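Each residue of the sequence shown is one higher than the one before, starting from 494 at the first, in this note's numbering.
We treat Cβ as the ideally placed atom computed from N, Cα and C, and that holds for glycine.
This structure is a prediction, so every number in the text was calculated from the model and none was measured.
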Amino acid sequence: MLCKALHNKKNWLFAGSERAGKRAAAIQTLLGTAKLNGINPTDWLRDTLEKLPTWPNRRIDELLPLTPEWIDTIKQNAPEKSTW
Numbered sequence: 494m495l496c497k498a499l500h501n502k503k504n505w506l507f508a509g510s511e512r513a514g515k516r517a518a519a520i521q522t523l524l525g526t527a528k529l530n531g532i533n534p535t536d537w538l539r540d541t542l543e544k545l546p547t548w549p550n551r552r553i554d555e556l557l558p559l560t561p562e563w564i565d566t567i568k569q570n571a572p573e574k575s576t577w
């Protein structure tokens, strides 16, 4: 299993550019987060891509692959925007 993981990491060296590599890393992070939270990554991605064009920016955090409980916890612990 570890060998397969290392092999996959090496594949990302050939993403095409640094920018493409960063984009691929962000996507892999979101898909991995979905898996860790018991969410089917394929279903989450499909649902998110369908909603994204009309989704309001102020609610973008609701599209993250987190459970509603995690999102509520993050919102409660976030500093007020005026302190940013």
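Roughly how many whole angstroms lie between the Cα atoms of leucine 538 and glycine 509? 23 Å
Throw me the rounded Cβ distance for the asparagine 530 and threonine 560 pair, which I believe falls under 8 Å. 5 Å
If you follow the alpha helix (DSSP H) that methionine 529 is part of, which residue opens it and which one closes it? Here residue 529 turns out to be leucine, not methionine, going by the sequence shown. Here the alpha helix (DSSP H) through leucine 529 covers 511-529.
Using the Cα positions of alanine 527 and threonine 541, report the straight-line distance between them to the nearest angstrom. Taking the straight line from one Cα to the other gives about 12 Å.
When DSSP labels each residue in this structure, what does asparagine 533 get in the three-state scheme? Assigned with DSSP and collapsed to three states, asparagine 533 falls in coil, not helix or strand.
Taking the straight line between their C-alpha atoms, what separation do you get for aspartate 536 and proline 572? 31 Å
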